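In what follows, a structure is listed as structure tokens, so that the remarks can point back to it.
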Amino acid sequence: MTTEQHVESGNLERLNENLERIEELSQRLVTALGRKQPLRPALQAPDNDLFMKAATAYMAEMMQNPSKILEQQVSYWGKALRHYVEAQEALRTGKLIAPEDHTPADKRFSNPLWQTHPYFNFIKQQYMLSSEAMTRAIDGLDHLDARDKRRVEYFSRQIIDMFAPTNFLGTNPEALSKAVETDGESLVRGLENLVRDIEANDGELLVSLADREAFKVGENLGTAPGAVVYRNRMFELIQYAPTTEKVHATPLIIFPPWINKFYILDLKPQNSLIRWIVDQGYTLFVVSWVNPDASFADVGMDTYVEEGYLEAIRVAKDITGEAKVNAIGYCIAGTTLGLTLALMHKRKDTSVRSATFFTTLTDFSDQGEVGVFLDDDFVDGIEREVADKGFLHSFFMSRTFSFLRSNDLVYGPAIRSYMMGESPPAFDLLYWNGDSTNLPARMTVEYLRGLCQQDRFARGEFEICGETLSTKDIKLPLCAIACETDHIAAWRSSFRGIAGMGSRDRTFILAESGHIAGIVNPPAKKKYGHFTSEATLEDPDSWRKGATRHEGSWWPRWEEWLRRRSGKMIPARQPGSDTYPPLCPAPGTYVVRAPEV
Numbered sequence: 001m002t003t004e005q006h007v008e009s010g011n012l013e014r015l016n017e018n019l020e021r022i023e024e025l026s027q028r029l030v031t032a033l034g035r036k037q038p039l040r041p042a043l044q045a046p047d048n049d050l051f052m053k054a055a056t057a058y059m060a061e062m063m064q065n066p067s068k069i070l071e072q073q074v075s076y077w078g079k080a081l082r083h084y085v086e087a088q089e090a091l092r093t094g095k096l097i098a099p100e101d102h103t104p105a106d107k108r109f110s111n112p113l114w115q116t117h118p119y120f121n122f123i124k125q126q127y128m129l130s131s132e133a134m135t136r137a138i139d140g141l142d143h144l145d146a147r148d149k150r151r152v153e154y155f156s157r158q159i160i161d162m163f164a165p166t167n168f169l170g171t172n173p174e175a176l177s178k179a180v181e182t183d184g185e186s187l188v189r190g191l192e193n194l195v196r197d198i199e200a201n202d203g204e205l206l207v208s209l210a211d212r213e214a215f216k217v218g219e220n221l222g223t224a225p226g227a228v229v230y231r232n233r234m235f236e237l238i239q240y241a242p243t244t245e246k247v248h249a250t251p252l253i254i255f256p257p258w259i260n261k262f263y264i265l266d267l268k269p270q271n272s273l274i275r276w277i278v279d280q281g282y283t284l285f286v287v288s289w290v291n292p293d294a295s296f297a298d299v300g301m302d303t304y305v306e307e308g309y310l311e312a313i314r315v316a317k318d319i320t321g322e323a324k325v326n327a328i329g330y331c332i333a334g335t336t337l338g339l340t341l342a343l344m345h346k347r348k349d350t351s352v353r354s355a356t357f358f359t360t361l362t363d364f365s366d367q368g369e370v371g372v373f374l375d376d377d378f379v380d381g382i383e384r385e386v387a388d389k390g391f392l393h394s395f396f397m398s399r400t401f402s403f404l405r406s407n408d409l410v411y412g413p414a415i416r417s418y419m420m421g422e423s424p425p426a427f428d429l430l431y432w433n434g435d436s437t438n439l440p441a442r443m444t445v446e447y448l449r450g451l452c453q454q455d456r457f458a459r460g461e462f463e464i465c466g467e468t469l470s471t472k473d474i475k476l477p478l479c480a481i482a483c484e485t486d487h488i489a490a491w492r493s494s495f496r497g498i499a500g501m502g503s504r505d506r507t508f509i510l511a512e513s514g515h516i517a518g519i520v521n522p523p524a525k526k527k528y529g530h531f532t533s534e535a536t537l538e539d540p541d542s543w544r545k546g547a548t549r550h551e552g553s554w555w556p557r558w559e560e561w562l563r564r565r566s567g568k569m570i571p572a573r574q575p576g577s578d579t580y581p582p583l584c585p586a587p588g589t590y591v592v593r594a595p596e597v
């Protein structure tokens with residue numbers, strides 16, 4: 001047998017093996033899909049009324065301003081026809097070349113074949129021209145309500161992005177090339193990845209963003225030394241071991257969001273905010289929330305306040321012997337910290353000396369990008385879902401936040417995993433992103449209706465724990481950090497919430513980057529900067545225009561602010577006390593315990 005025959009025989013054998021694996025995986029795929037439970041249509045897409053409004057607005061444009069519609073159509077067809085003629089002319093020369101490409105740069109089409117190969121370039125240019133035409137048509141819907149127009153723009157962009165040629169094997173040159181180079185092995189590995197993800201999510205497709213085997217909480221994530229010093233049904237309270245001989249007298253409590261888990265603040269030693277705070281000389285407590293199941297159906301915002309915030313503050317005071325604490329709230333936990341502080345003001349409870357808000361919304365008059373999911377069509381569906389199940393499954397929140405950046409968090413990872421056959425990266429941040437939690441039924445509805453939709457806290461109408469609360473009831477010194485490109489808590493909305501609070505001592509810091517990277521930004525990285533201003537907190541854009549940019553992390557600037565409100569230096573405290581002996585080492589049990597669902 002010649003060398004060529006031997007190689008050909010080996011390739012054929014490999015191809016046959018891959019075909020056998022595909023058959024086996026296909027059977028597993030069918031079995032996994034069989035476990036899929038039907039989902040409520042209201043949780044899958046906006047109500048059809050939205051698109052009927054868009055169609056009606058488009059017809060109104062045609063009737064009242066036909067020249068604008070005609071101009072859009074002529075422009076699109078003119079560009080498409082010109083591109084077709086240029087492609088035909090390039091082929092007529094007998095050379096395998098693409099015509100000149102004037103479409104804008106797009107990282108989805110970074111592979112050189114999108115530019116050089118006539119077939120793939122033709123598809124790419126036609127897609128870009130069509131995308132531009134659809135976007136312009138939607139931009140021109142002047143007869144559509146502003147909120148409806150924002151939703152039409154968002155969901156239309158989702159459709160446009162979904163149909164990108166990069167998302168399909170037959171029109172993705174990189175995936176096709178790899179399939180040929182590996183004799184189909186990449187496609188088999190991709191199918192394995194697809195089956196694994198569908199099996200892991202009971203028939204639903206949720207793309208794995210990180211290698212699930214690369215990390216284990218408590219071993220290489222969430223490893224800051226400390227101990228659980230208190231536990232109730234809602235949370236475990238972790239007190240971290242000191243790293244300095246002396247600490248500030250006033251302890252600090254972090255309330256992280258319960259939509260995800262607290263160890264975003266303690267991923268690795270080099271980017272751990274928890275470790276950094278301890279190293280600055282603070283007695284630090286962190287709340288680790290329980291991951292709720294159906295037994296938590298009746299848990300509401302009041303439960304989080306009474307059994308969560310107020311209880312954690314009480315225990316931290318008892319352990320340290322201090323009359324006051326400083327508190328931090330992150331995202332939804334910042335919103336609820338605001339409610340807690342307003343309630344404490346009504347009750348004349350002065351246990352909190354100062355408060356810090358990370359990417360927090362308390363004014364929902366402008367809901368930002370996430371607002372497209374906060375109309376009744378979605379919220380009605382969520383309300384019915386939690387009424388039946390007793391909780392909102394983490395799947396829905398994970399998918400919603402992923403589609404705020406669909407190309408980065410859905411389609412891009414799916415292409416690499418399912419078409420290219422690549423394993424998900426060992427990326428700690430993306431691992432945490434996939435380790436999400438459920439939400440209790442009553443709390444979910446109260447949050448979505450009373451806060452997000454009706455904006456009752458900022459309006460002074462939110463009723464909780466026997467009191468009617470307003471953001472104006474927050475009187476103590478406060479510092480707020482918002483993030484410039486935050487898709488979840490828009491910085492201008494965060495600014496307006498802080499501006500509406502009753503405190504005379506308010507500091508606002510605008511960090512570069514987004515909801516997570518803007519907060520988890522250690523000084524040693526010298527990566528993202530931040531903005532400050534001495535201007536009064538009135539208009540966010542005026543404040544931003546006059547703000548000064550500073551290089552590097554906001555952490556040291558905030559710590560300087562906190563230091564002035566944290567009391568004298570005293571000998572460092574070890575976790576726990578005689579009354580509250582350590583129950584187990586950090587990061588505790590709630591962070592790794594799966595709920596009964």
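Using my numbering, the first residue of the sequence shown is number 1, and each one after it goes up by one. Built from N, CA and C at the ideal position, the CB exists for glycine as well. Values in this document were obtained by computation on a predicted structure and should not be read as measured data.
- For Arg-92, the enclosing alpha helix (DSSP H) begins and ends at 66-92.
- Under the DSSP assignment, Ser-354 falls in the beta strand (DSSP E) whose first and last residues are 352-358.
- Within a 10 Å sphere around the beta-carbon of Trp-77 sit fewer than 16 other beta-carbons, which makes this residue exposed.
- For Thr-56, the closest C-alpha among the options Trp-555, Thr-303 and Ile-138 is that of Ile-138.
- Between Phe-215 and Leu-209, the beta carbon gap of about 12 Å keeps them out of contact (Cβ cut-off 8 Å).
- Annotation for Ser-156: Ile-138 place their beta carbon closer than 6 Å to its own, counting only its chain and skipping 5 residues before and after.
- Within the DSSP secondary-structure output, Ala-227 pairs in a beta bridge with Gln-239 and Pro-585.
- Lys-107 counts as exposed, since fewer than 16 other beta carbons sit within 10 angstroms of its beta carbon.
- Counting the other CB atoms within 10 Å of its CB gives Gly-170 a total below 16, which places it among the exposed residues.
- Three or more beta-carbon pairs drawn from the segment 492-504 and the segment 345-365 are found closer than 8 Å, and the two stretches are therefore classed as touching.
- Contact between Thr-437 and Trp-258 holds: CB atoms are separated by about 6 Å, below the 8 Å threshold.
- Beyond the five residues adjoining it in sequence on each side, Leu-187 comes within less than 7 Å, by CB distance, of Ala-179 and Gly-421 in the same chain, given in chain order.
- The alpha-carbon of Arg-456 is positioned some 15 Å away from that of Leu-337.
- Here Phe-120 has Leu-113, Trp-114 and Pro-173 as same chain residues with Cβ atoms under 6 Å from its own Cβ, once five neighbours each way along the sequence are excluded.
- Inter-segment contact for the segment 516-531 and the segment 311-323 is absent: fewer than three beta-carbon pairs are separated by less than 8 Å.
- If the five residues before and after Arg-549 are omitted, its C-beta is found closer than 8 Å to the C-beta atoms of Gly-529, His-530 and Phe-531, all from its own chain and listed in chain order.
- Counted as a single uninterrupted DSSP element, the stretch harbouring Val-305 is not any beta strand (DSSP E), since DSSP gives it neither H nor E.
- The beta carbon of Leu-205 is closer than 7 Å to those of Asp-197 and Ile-198 in its chain, skipping five residues each way along the sequence.
- Within the segment 111-150, the runs of alpha helix (DSSP H) at least 4 residues long that lie entirely inside it are, in chain order, 113-116 and 118-139.
- Straight across, the Cα-Cα distance linking Pro-582 with Asp-161 is about 51 Å.
- For the pair Pro-440 and Gly-390, the CB atoms are nearer than the 9 Å cut-off.
- With a 10 Å radius around the Cβ and a threshold of 16 neighbouring Cβ atoms, Glu-213 comes out exposed.
- Boundaries of the alpha helix (DSSP H) harbouring Phe-395: 394-402, taken from the DSSP string.
- Comparing alpha-carbon positions, the option among Lys-95, Gly-94 and Gln-126 lying closest to Lys-79 turns out to be Gln-126.
- Segment contact: the segment 253-271 against the segment 420-435, three or more CB-CB distances shorter than 8 Å; contact assigned.
- In the structure shown, Ile-570 falls within a strand segment according to DSSP collapsed to helix, strand and coil.
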